[in-house]
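These protein sequence lines are chains A and B, in that order.
Each residue of the first sequence is one higher than the one before, counting from 1 in our numbering.
Each residue of the second sequence is one higher than the one before, counting from 115 in our numbering.
Ideal placement from N, C-alpha and C gives every residue a C-beta, glycine not left out.
The model shown is predicted, which means the values in this text are computed figures rather than measured ones.
To start, the structure itself, in structure tokens.
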Amino acid sequence: KQEVTQIPAALSVPEGENLVLNCSFTDSAIYNLQWFRQDPGKGLTSLLLIQSSQREQTSGRLNASLDKSSGRSTLYIAASQPGDSATYLCAVGGSGGSNYKLTFGKGTLLTVNP
Amino acid sequence: DAGVIQSPRHEVTEMGQEVTLRCKPISGHNSLFWYRQTMMRGLELLIYFNNNVPIDDSGMPEDRFSAKMPNASFSTLKIQPSEPRDSAVYFCASSYGTGSYEQYFGPGTRLTVT
């Protein structure tokens, strides 16, 4: 059974700092990996999706990497801003016939202080 | 383009009552997912529909839960009878079910059963 772990559970940084969020998964046979952002009381917003054949994806100040063999992904946020404060969730898609199935980590609560 | 629409946004009901949650997926998407989020268990997939057909309902906790998708633009998740342990945030998500399977989430329904 796939298990997804996110470290740290919470992170507080001053504005302007570059930071890295970590995600690890136990089964390397994945279809894709998706990073989401969740604001309090809101739904999930998709940030980046990495297919299993890719190594990284970039969008603006965000860069996500994927190392399937070691079961790890990182989300790099450059020049953090108070508006980046949210919970960040990592989810891996199953392989084979269950590539629709996302297994989520518990998330990292990020606070960026002005 | 409107995102995934869910209603109601908040529902408070008494134990034993029937609860119906509603979802309108993004137009053109052919896959629909119902998730439940709790502090203890995080985000869990309840059921997955493809082209209006239930494909995977292994996450539905028990017979009190049922879901339908009568057409491509509407789905319901019903709990009958409801119990306090059903209190959670229920999310609906949709995707174009070939290729990336990138999922787009609705704002969620916060259910409280007293």
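**OP:** If I'm right that Ile77/A touches Leu11/A with Cβ under 8 angstroms, what's the distance once you round it to whole angstroms?
**Re:** Along the first sequence, read from residue 1 onward, the residue named residue 77/A stands at position 77. Along the first sequence, read from residue 1 onward, the residue named residue 11/A stands at position 11. Not a contact, Cβ separation roughly 10 angstroms.
Original post:
Does any C-beta atom of chain A lie closer than 8 angstroms to the C-beta of Glu132/B?
Top reply: Taking the first residue of the second sequence as 1, we reach residue 132/B at position 18. Between Glu132/B and chain A, the shortest Cβ-Cβ separation is not below 8 angstroms.
Original post:
Pro195/B lies in the beta strand (DSSP E); which residues open and close that run?
Top reply: The count along the second sequence starts at 1 and reaches residue 195/B at position 81. No beta strand (DSSP E) contains Pro195/B, which DSSP labels as neither H nor E.
**OP:** Taking Ala181/B as part of the beta strand (DSSP E), name the residues at either end of that continuous run.
**Re:** Counting from 1 along the second sequence, the entry for residue 181/B is found at position 67. First-last of the beta strand (DSSP E) with Ala181/B: 179–185.
**OP:** Tell me the start and end of each unbroken beta strand (DSSP E) in the segment 87–112 of chain A that is at least 3 residues and wholly inside, in chain order.
**Re:** As far as the segment 87–112 of chain A is concerned, its whole beta strand (DSSP E) runs of at least 3 residues are 102–104.
Original post:
Any Cβ of chain B within less than 8 angstroms of the Cβ of Lys106/A?
Top reply: By one-based count along the first sequence, residue 106/A stands at place 106. Yes, Lys106/A counts as interfacial toward chain B.
Original post:
Are Ala9/A and Thr103/A closer than 8 angstroms when you measure CB to CB?
Top reply: Taking the first sequence and counting its residues from 1, one reaches residue 9/A at position 9. Taking the first sequence and counting its residues from 1, one reaches residue 103/A at position 103. Contact: no.
Original post:
Who are the neighbours of Tyr218/B on chain A, taking C-beta pairs under 8 angstroms?
Top reply: The residue labelled residue 218/B in the question sits at position 104 within the second sequence. What Tyr218/B touches in chain A: Ser46.
**OP:** Please name the residues in the segment 46–74 of chain A whose beta-carbon is closer than 8 angstroms to at least one beta-carbon of chain B, in chain order.
**Re:** Along the segment 46–74 of chain A, going in chain order, the ones with a CB nearer than 8 angstroms to a CB of chain B are Ser46, Leu49, Gln51.
Subject >> Residue-chain proximity (Gly43/A, chain B), Cβ-Cβ < 8 angstroms >> reply: In the first sequence, residue 43/A corresponds to position 43, counting from 1. True, the Cβ-Cβ gap to chain B drops below 8 angstroms.
**OP:** Anything in chain A within Cβ reach of Phe205/B, meaning under 9 angstroms, just list it in chain order.
**Re:** Here residue 205/B is taken as the residue at index 91 of the second sequence, counted from 1. The answer, in chain order, is Gly43, Leu44.
Subject >> Listed by chain order, chain B residues near Gln34/A by CB distance under 8 angstroms >> reply: Residue mapping note: residue 34/A aligns to position 34 of the first sequence, counting from 1. Residues of chain B with a Cβ closer than 8 angstroms to the Cβ of Gln34/A are, in chain order, Glu216, Gln217.
Subject >> Candidates Asn22/A, Val13/A, Gly97/A, of which the one nearest Tyr88/A by Cα >> reply: Mapped onto the first sequence, residue 88/A falls at position 88. Of all alpha-carbon atoms in Asn22/A, Val13/A, Gly97/A, the one lying nearest the alpha-carbon of Tyr88/A is that of Asn22/A.
Subject >> chain B contacts from the segment 78–112 of chain A (Cβ-Cβ distance under 9 angstroms) >> reply: Within the segment 78–112 of chain A, the residues whose Cβ lies closer than 9 angstroms to some Cβ of chain B are Leu89, Ala91, Gly93, Ser98, Asn99, Tyr100, Lys101, Leu102, Thr103, Phe104, Gly105, Lys106, Gly107, listed in chain order.
Original post:
How many angstroms separate the CA atom of Leu48/A from the CA atom of Val227/B?
Top reply: As a first step, residue 48/A is located in the first sequence; it is residue number 48 there, counting from the start. As a first step, residue 227/B is located in the second sequence; it is residue number 113 there, counting from the start. Leu48/A and Val227/B: Cα-Cα distance of roughly 35 angstroms.
**OP:** Please go through the same chain and pick out, in chain order, the residues whose beta-carbon is closer than 6 angstroms to the beta-carbon of Lys192/B, but skip the five residues on each side of it.
**Re:** To locate residue 192/B, count along the second sequence from 1; it is residue 78. Excluding residues within five positions, the ones whose Cβ falls inside 6 angstroms are Thr134, Ser180.
Subject >> Per DSSP, the bridge partner or partners of Asp67/A >> reply: Stepping through the first sequence from its first residue, residue 67/A is reached at position 67. Paired residue(s): Arg72/A.
Original post:
Terminal residues of the continuous beta strand (DSSP E) containing Thr226/B?
Top reply: On the second sequence, residue 226/B is found 112 positions in, with the first residue counted as 1. Segment 223–227, the beta strand (DSSP E) holding Thr226/B.
Original post:
So Lys138/B is in the beta strand (DSSP E); what residue range does that whole segment cover?
Top reply: The residue you call residue 138/B lines up with position 24 of the second sequence. Residues 133–138.
Subject >> Secondary structure of Asp200/B, DSSP reduced to three states >> reply: Indexing the second sequence from 1 puts residue 200/B at position 86. Asp200/B falls in the helix class under three-state DSSP.
Original post:
Roughly how many whole angstroms lie between the Cα atoms of Arg56/B and Thr223/B?
Top reply: Here chain B comprises residues numbered 115 to 228, so residue 56/B is not present and cannot be evaluated.
Subject >> Anticipated Cβ contact below 8 angstroms, Gly105/A with Thr5/A, distance rounded >> reply: Here residue 105/A refers to the residue found at position 105 when the first sequence is read from its first residue. Here residue 5/A refers to the residue found at position 5 when the first sequence is read from its first residue. Rounded, the Cβ-Cβ distance is 6 angstroms, consistent with contact.
Subject >> Coil, strand or helix - Gly43/A by DSSP >> reply: On the first sequence, position 43 is the one that residue 43/A refers to. Coil.
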